[in-house]
Amino acid sequence: MRYIGKEMSRVDGVAKVTGQAKYAAEFQVKNVAYGFIVQSTIAKGSIKSIDTSEAEKQSGVIKIFTHLNSVKRKDKDDAFCALQNEKIVFNGQPIALVVAESFEQARFAARLVKAEYLKEAHLTETEKAPTVDSRGGKVRGNPKEALQNAAVRISAEYTIPIEHHNPMEPHAAIAMWDGDKLSIFDKSQGVKEVQRHLAKSFGIATENVSVVSPFVGGAFGASLNPNYYPFLTAAAAREIKRPVKVNYTRRQMFTGHGYRPYTIQKVQIGASKDGKLQAIIHEAIGNTSTFEDFSETPNGFGRTLYNCPNYDTPYKLAKTDLPTPTWMRAPGAVSGAFAIESAIDELAYELKIDPLQLRIINYAEKDPDTGKPFSSKALMECFKQGAAKFGWEKRKPEPRSMRDGKWLVGWGTATGTWGAMQLPASIRITLKADGTANVGSATADIGPGTYTVITMIAAEFLGISPEKVKFELGDTKLPNAPVQGGSFTTASVGSAAHGAALNIKKKLFDFAVRDFGFAGVSVEDTEMAKGFLFSKKDNSKSVAIADLMKKNNLTEIVENYTSMPSKERNNYTSMAHGAQFVEVKVDEDLGIIKVTKVIEATAVGKIMNPKTSHSQEMGGIVWGIGMALQEQTEIDHRYGKMMTTNLADYHIPSNADVHTVETDFIEEDDKIINPLGIKGMGELCLVGIPAAIANAVFHATGKRIRTLPITIDKIL
Amino acid sequence: MIKFILNNQSVETALPKGTTVLDFVRYHKNLKGTKIGCREGDCGACTILVGELAGEKLKYRTMTSCLMPISNADGKHIVTVEGINRDDGGLTPVQSAMVETSGTQCGFCTVGFVMSLTNFCIDDTPKTNEAAISAIDGNICRCTGYKSIERAALSLCGTAARRNGDAEIHSAIGNEIVPEYFANIKERLSEILNSRFQIANSSNRNPEPGIQNPKFLSGGTDLYVQRPEEMVYADTENLFDSAALRFINETDEFIELGASVVVTDLLESDVFNRLFPNLYKHLKLVSSTPIRNMATLAGNFVNASPIGDMTAWFLALDAEIELSDARSSTRTLPLKDFYLGYKQLAKREDEFISKIRFRKDFTHFNFEKVCKRTYLDIASVNTAISLKMSGDVIEHAHVSAGGVFATPLYLRKTSEFLKGKEISAETIAQANEIIQTEISPIPDVRGSAEYKRLLLRQLFTAHFVELFKANIQ
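Top to bottom, those sequences are chains A and B. Going by the numbering used here, the first residue of the first sequence is number 32, and it counts up by one from there. Going by the numbering used here, the first residue of the second sequence is number 56, and it counts up by one from there.
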């Protein structure tokens with residue numbers, strides 16, 4: 032391989048360091064007006080009256096939209112849609128959009144919109160809210176009985192607060208109409224989703240909606256579903272017959288796109304004295320809104336991880352007067368892992384077995400849910416390599432037994448896993464006679480390096496250098512691709528790029544057989560490189576690609592290709608795995624916790640680009656540090672209002688909070704998952720980290736913290 | 056009319072003077088490399104360089120453009136990423152380092168990091184690894200996990216240190232950190248400043264909705280967070296750039312400071328570094344580099360946050376403040392008497408803080424702070440202490456604490472109690488009991504009341520561990 036597997040700097044790097052990369056709010060659109068969202072100050076009830084007269088008098092104000100004069104959605108689903116009626120279903124709900132000539136004018140006038148409400152009692156505490164059953168997976172064996180019969184039992188409850196993605200870029204859209212045709216620049220993880228949503232909402236043909244989103248300043252799930260602002264923006268633009276831009280403020284983001292749900296999990300484990308798991312009952316409750324169910328099945332995590340014959344995962348949703356949660360990096364898995372991987376650690380102390388050894392004892396060689404083999408699973412190698420690098424064998428088992436001066440030292444471990452998914456994806460490759468190629472697919476690059484990796488794959492199999500490949504994404508004019516989420520982008524779109532390039536080679540090969548004496552050569556034995564198609568076995572068989580095209584009166588070859596997950600995948604379970612080893616130091620007097628070292632070894636198939644891959648893994652680890660120690664959206668339940676709605680109060684790690692972080696890949700050669708052996712990694716890297724940190728904190732202090740984040744007041 | 060140099064272009068604007076530099080460059084100049092991440096000075100995505108003539112010297116500092124009114128840009132050089140980009144399409148060493156180390160992922164925070172690191176390369180601080188890392192203390196990244204950006208920062212130390220005997224800015228040009236046009240900025244700024252007297256009188260009453268409060272604006276780092284929509288149109292008097300308010304003087308007895316001195320000025324002051332040997336260690340815990348470049352002492356005092364770091368600091372120096380009004384009548388009062396209740400001040404609306412002074416007769420000083428995050432954080436609890444020791448005996452003591460009362464708190468009883476005492480475990484224990492009677496913390500997102508009580512107890516003890524390691528064991 033010339034490019035795949037080798038380090039490459041990202042192709043969009045220059046645009047980003049020079050500030051030239053254009054994000055949604057940055058497209059220059061003539062005559063654009065600015066919308067500013069006014070939000071409700073109660074959590075439940077209805078708008079009795081809304082007075083916009085004072086705001087309307089302010090200079091620059093063009094129009095103020097409320098539920099009384101707004102565009103109503105044509106096609107209804109459960110998702111929240113702004114300004115549809117007088118009902119208030121969460122605090123911070125948009126109740127008006129002030130549109131003005133400038134952003135400042137719109138913002139100034141917005142504070143003069145006055146609403147009166149008919150208040151109703153709200154309920155925002157997950158613990159107290161009414162619940163409904165959700166999908167929790169099949170019962171395996173007879174967990175209740177097995178639990179009762181187990182020699183050793185533990186039972187504990189774990190809580191995770193609401194967390195917000197807080198990508199650096201606040202959500203924004205600029206919408207404009209040309210007759211019945213809508214164009215919108217949006218921050219999106221999937222332009223085709225936004226296109227479908229807007230077409231249905233306005234009752235117009237899908238092809239009449241164009242969504243463009245070439246750069247996304249982080250999203251982490253916050254732009255997977257179409258949020259409420261694109262419709263709101265487009266509706267305002269249609270009404271005032273001018274382009275309109277709406278940009279969330281940082282504070283508006285907390286109610287504008289969903290969040291990681293508040294989750295309460297009860298884990299009961301039964302084991303034999305030698306550490307063999309007998310039963311796991313992992314119950315979970317996650318909050319959702321009153322108007323829409325969001326389920327992420329946190330307790331599904333663990334079902335494929337441990338060889339445990341009896342397993343149950345009942346799952347409920349608690350209906351709260353809050354916005355609907357959504358997918359947030361490693362949704363479900365990281366929450367479930369915090370519970371299960373903490374509980375396994377608790378069991379290890381109970382049994383006086385090393386926590387890593389306990390995981391090895393219960394290692395699942397095949398999928399315990401289905402009995403299918405894993406298409407690949409190098410978790411055992413992750414354990415070994417990670418532990419060796421970390422120096423795990425020097426760990427003293429007793430809590431509070433290791434010190435560094437005044438600091439208590441704790442070492443903890445946990446395991447992570449994430450499905451290695453692949454979805455249908457289409458791509459178009461145009462190989463030109465001049466040796467350049469245009470590649471296009473309506474996927475997204477929210478930061479992991481999709482621009483770069485698809486460029487590398489196309490370059491590799493077209494036999495041209497990456498500089499000759501121009502890859503476009505984030506535009507509905509391009510072939511269909513799934514949303515960027517679930518860590519399935521490279522597996523899906525990368526497989527399409529690979530397939531399309533091979534088909535181009537096949538076309539050229541057929542020309543070569545017909546016109547240039549390639550008879551007797553098999554296509555598999557040929558390769559394209561440096562502008563030639565040649566046989567790898569027979570030096571005499573070589574022809575310039577330009578000549579092949581010229582002979583056929585072609586200036587380019589266009590290949591539209593759709594890759595599908597193979598049927599063979601159905602016979603296997605495919606997962607990515609990882610082992611985390613964490614050192615924390617705790618100041619006993621002040622309760623300050625430092626994560627001084629994280630060693631993460633992951634098995635995620637074939638690594639396409641080590642440079643961007645390591646970066647992605649380290650970023651995920653730091654997400655885990657944030658989740659473990661800092662991140663929390665606090666709610667003042669008296670008002671049902673989210674309180675920590677800025678980056679001063681909602682803490683995400685700063686660089687001084689991050690010490691030694693090392694990521695290792697154990698490469699797997701897995702040809703079953705897809706031809707290039709690609710698994711995903713963007714979520715896996717985060718999954719075990721919060722549990723590993725909590726386990727290290729226990730080892731350091733003897734305090735088991737079961738409620739995240741582990742703040743200093745919980746330590747003292 | 057406000058006049059300044061934006062990148063290589065001289066600009067004049069009659070926009071409302073409260074317009075932020077961020078909105079000015081993005082909306083009015085279409086320079087969109089400067090990003091809007093939070094508009095509250097927390098994320099650093101909108102970091103710019105601000106060049107200012109200080110006497111003969113042209114000095115650059117980073118600032119968050121979201122909290123900076125264009126009135127504070129008057130007569131200065133404002134540099135966005137477009138102002139350092141090379142014409143030939145190549146990258147500066149800072150930009151190259153960020154690409155090569157994979158220091159950019161989604162790219163939205165990237166330009167802020169580039170600007171912070173560019174400033175590191177052109178300012179006159181020593182090019183140590185520690186300084187390189189500190190230079191990015193005001194920038195948040197949500198993708199990379201920082202390690203790659205740290206590598207970029209460290210890789211620049213060598214380049215930045217290459218001086219060839221030139222002044223900083225000429226070295227930076229030679230090293231291709233900034234473009235050629237930076238060479239003339241000093242002269243161009245002098246011209247603007249010289250012509251300023253003619254324009255200073257033309258008042259800048261804007262036609263927009265006039266909000267009369269607040270009357271005075273200093274660094275803007277609190278007001279623009281608290282009431283951004285009003286500040287754009289507010290007709291405030293700018294105190295930030297008043298030369299009369301930007302000095303640090305030493306007399307036999309006192310240190311006197313102009314009220315618009317910013318935290319970084321303290322860090323760069325020889326006098327302060329002499330009086331406070333741990334100055335850097337303490338002040339690096341105060342917010343972040345760009346905010347320290349903007350946040351004035353008076354602003355911190357007037358904002359009256361119960362956990363203001365500088366307020367706690369100066370309360371422990373038993374500082375006095377001088378209040379002035381438009382008629383130039385002045386009065387002086389102890390800072391500890393300035394706070395009447397939550398955000399209530401012993402100050403008339405038309406008064407502003409003009410001067411701060413404190414006695415230099417203390418022998419020991421310490422500052423302690425605990426927060427969840429290392430940088431960019433607001434303390435849960437902070438405390439400062441100054442002592443005048445005569446042998447083992449405390450001649451006088453001043454102790455302050457933040458985050459444990461409705462106002463920044465001078466601990467009167469504790470300070471009084473310590474007078475004449477010898478330092479011992481018993482003295483500290485007794486003082487700690489008195490402290491507990493003087494405070495009344497409330498639970499909030501930064502911790503429970505009980506936790507804050509416990510924390511202050513530990514931090515108060517930490518003062519003595521830090522200052523008298525051997526004496527109290």
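No residue lacks a Cβ here, since even glycine has one placed at the ideal position from N, Cα and C. All of these numbers come straight from a predicted model, not from anything done at the bench.
- Distance from the CA of Glu614(A) to the CA of Lys427(A), rounded to the nearest whole angstrom, comes to 13 Å.
- The stretch 204 to 215 of chain A makes no contact with the stretch 322 to 329 of chain A: fewer than 3 CB pairs, one atom from each, lie closer than 8 Å.
- Between Ile103(B) and the set Asp405(B), Arg141(B) and Thr117(B), the nearest pair of CA atoms involves Thr117(B).
- Secondary structure note for His451(B): its beta strand (DSSP E) is the uninterrupted segment Val448 to Gly457.
- Leu678(A) has a beta carbon lying within less than 8 Å of a beta carbon in chain B.
- Residue contact with chain B for Phe139(A): present (Cβ-Cβ distance below 8 Å to some residue of chain B).
- Under the Cβ distance rule, Asn197(A) counts among the residues neighbouring chain B, one pair being separated by less than 8 Å.
- Judged by their CB atoms, Ile485(A) and Gly525(A) are nearer to each other than the 8 Å cut-off.
- A straight line joining the alpha-carbon of Glu558(A) with that of Phe542(A) spans about 14 Å.
- Residue environment for Ser455(B): buried (at least 16 other C-beta atoms within 10 angstroms of its C-beta).
- Cβ proximity to chain B below 8 Å picks out nothing from the stretch 483 to 504 of chain A.
- Annotated as proximal: Gly200(B) and Val689(A), with beta-carbon spacing under 8 Å.
- If you ignore the 5 residues before and after Glu38(A), its C-beta comes within less than 6 Å of the C-beta of Pro641 and Lys642, all in its own chain and listed in chain order.
- Scanning the stretch 237 to 267 of chain A for uninterrupted beta strand (DSSP E) segments of 3 residues or longer gives 240 to 243, listed from N- to C-terminal end.
- Chain B places no beta carbon closer than 8 Å to that of Asn258(A), leaving this residue out of the contacts.
- By a beta-carbon distance limit of 8 Å, Ile188(B) does not contact Ala216(B). Their separation comes to about 15 Å.
- If you check each beta-carbon in the stretch 576 to 588 of chain A against every beta-carbon of chain B, none falls closer than 7 Å.
- Residues of chain B whose Cβ lies closer than 9 Å to the Cβ of Met649(A) are, in chain order, Thr199, Gly200, Tyr201, Lys202 and Ser203.
- In the structure shown, the three-state DSSP call for Thr190(A) is strand.
- Segment contact: the stretch 126 to 135 of chain A against the stretch 78 to 97 of chain A, three or more CB-CB distances shorter than 8 Å; contact assigned.
- For Thr165(B), at least one C-beta of chain A is nearer than 8 Å to its own C-beta.
- Between the beta-carbon of Ser40(A) and that of Val149(B) there is about 15 Å, and that puts the pair past the 8 Å contact cut.
- Only Glu95, Gly96, Asp97, Cys98 and Ala100 from the stretch 95 to 126 of chain B bring a Cβ to less than 9 Å from some Cβ of chain A.
- Bounds of the alpha helix (DSSP H) holding Gly525(A) are Thr520 to Asp546.
- For the stretch 228 to 246 of chain A, the set of positions with a beta-carbon nearer than 8 Å to some beta-carbon of chain B reads Phe246 in chain order.
- Annotation: Cβ neighbours of Phe134(A) in chain B (cutoff 7 Å, chain order): Asp78 and Tyr82.
- Taking a Cβ-Cβ threshold of 7 Å, none of the residues of chain B is close to Leu255(A); the smallest such distance is about 15 Å.
- Cβ neighbours of Asn358(B) within its own chain (closer than 7 Å, five residues either side excluded): Asp277.
- Sixteen is the threshold: when 16 or more other Cβ atoms of the shown chains lie within 10 Å of the Cβ of Pro345(B), as they do, the residue is buried.
- Between the beta-carbon of Thr732(A) and that of Leu439(A) there is about 6 Å, and that keeps the pair under the 8 Å contact cut.
- Residue range Thr385 to Pro389 is occupied by the beta strand (DSSP E) that includes Arg386(B).
- The Cβ-Cβ distance between Ala461(B) and Tyr506(B) does not fall below 8 Å.
- The three-state reading of DSSP puts Asn122(A) in coil, since its state is none of H, G, I, E or B.
- Counting the other Cβ atoms within 10 Å of the Cβ of Pro332(B) gives fewer than 16, which makes it exposed.
- A residue is called buried once 16 or more other Cβ atoms fall within 10 Å of its Cβ, and Arg94(B) is buried on that count.
- In this structure Met286(B) is buried. Its beta-carbon is surrounded by 16 or more other beta-carbon atoms within 10 angstroms.
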